[in-house]
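Trainee: For the sequence shown, my numbering puts the final residue at 366, and the numbers step up evenly by one. Backbone N, C-alpha and C define an ideal beta-carbon position, used for all residues, glycine too. Because the structure is a prediction, the values reported are computed rather than measured.
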Amino acid sequence: MKKIFYFSLFLSITISAFGQEIIEDYWVTWDANYREVDVISLFEFEKLYADSIRRNPDIPQYYVRIDKYRFQAEYLGEVRVIDEEVKYSMKRVLKFFIPNSEQYHGLMGKELLFRVGQEYVWMPIQSQLLEYFKKEIEKGATVMLYCLFLGEHLWENVLYKTLFISEFY
C-alpha cells in the first residue's frame with residue numbers, strides 16, 4: 198500500500214512539474230517573439246514618423262509596417278464590431294507581408310476597448326480568442342497582450358496604428 202501511495206505521489210509531482218514546465222516554455226516562446234514595448238511611445242513615434250513623411254513630398258506618402266509587440270493594458274469590458282476602415286487597413290497591410298493573407302480575414306470580427314496609460318485604444322482580437330478572453334479576463338483587469346502591429350499611412354495623411362491581439366494572459 199505504501200508503494201502505491203509513494204508511486205502516486207511521485208507521479209503527481211512529476212506530472213505537475215512537467216506541466217508547469219510546458220506552460221513556462223509556452224510563454225518564453227511568446228516573449229521571445231513579441232518584444233515588450235511602451236505602446237504610448239510607439240504611437241508617438243508612429244505619429245512623428247508620419248508627420249515627417251507628410252512634410253517631405255518627395256518621399257512616397259504611402260507606407261506600411263508590421264511588427265510583433267507585447268504590453269500590459271487595462272481591459273475596460275467593451276466589445277464592438279471592428280470598424281470597417283480599420284479592417285480594410287488590416288487587410289491591406291497583411292497583403293504586403295503575408296502570402297495568402299486571406300486566411301486572416303476570417304479572424305477579424307470584434308475589437309475590445311483597453312486603457313494604456315491615459316489612452317483609450319480599441320484593439321481587434323482574433324475571433325477564436327474572443328470567448329476565452331471574455332471568460333478569463335474581468336473588466337478592470339490588467340492583462341498582458343501579445344499583438345501583431347499593423348501600421349499604415351495613406352496618401353491622405355490618415356494613419357492606422359492597429360494592434361491585433363494574438364494571445365493574452
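Going by the beta-carbon positions, is the gap between Leu-360 and Met-305 smaller than 8 Å?
Mentor: no
Trainee: In chain order, which continuous runs of the beta strand (DSSP E) of length 3 or greater are located wholly inside the segment 227-299?
Mentor: 260-278
Trainee: Alpha carbon to alpha carbon, what distance is there between Asp-228 and Val-355?
Mentor: 31 Å
Trainee: Can you name the start and end residues of the alpha helix (DSSP H) that Glu-353 belongs to?
Mentor: Careful: Glu-353 lies outside any alpha helix (DSSP H) and carries neither H nor E.
Trainee: Would you list the one or two residues that DSSP bridges to Tyr-317?
Mentor: Arg-312
Trainee: Any idea what DSSP makes of Tyr-343, helix, strand or coil?
Mentor: strand
Trainee: Please go through the same chain and pick out, in chain order, the residues whose beta-carbon is closer than 7 Å to the beta-carbon of Val-234, but skip the five residues on each side of it.
Mentor: So the list reads Tyr-266, Phe-268, once near-sequence residues are dropped.
Trainee: Can you name, in chain order, every residue of its own chain whose Cβ lies under 6 Å from the Cβ of Ile-295, other than the five neighbours on each side?
Mentor: Taken in chain order, the list of residues that qualify is empty.
Trainee: Once the 5 residues before and after Met-341 are set aside, which same chain residues still bring their CB inside 7 Å of it?
Mentor: Arg-267, Gln-269, Phe-365, Tyr-366
Trainee: Tell me Tyr-223's beta-bridge partners as DSSP assigns them.
Mentor: DSSP, once it has assigned bridges, lists no residue as partnering Tyr-223.
Trainee: Distance check for Gly-274 and Trp-352, CA to CA, integer angstroms please.
Mentor: 34 Å
Trainee: Taking contact to mean 3 or more Cβ pairs, one atom from each stretch, closer than 8 Å, check whether the segment 307-325 and the segment 275-289 are in contact.
Mentor: Yes, the segment 307-325 is in contact with the segment 275-289.
Trainee: Helix, strand or coil for Tyr-301? Go by DSSP, reduced to three states.
Mentor: helix
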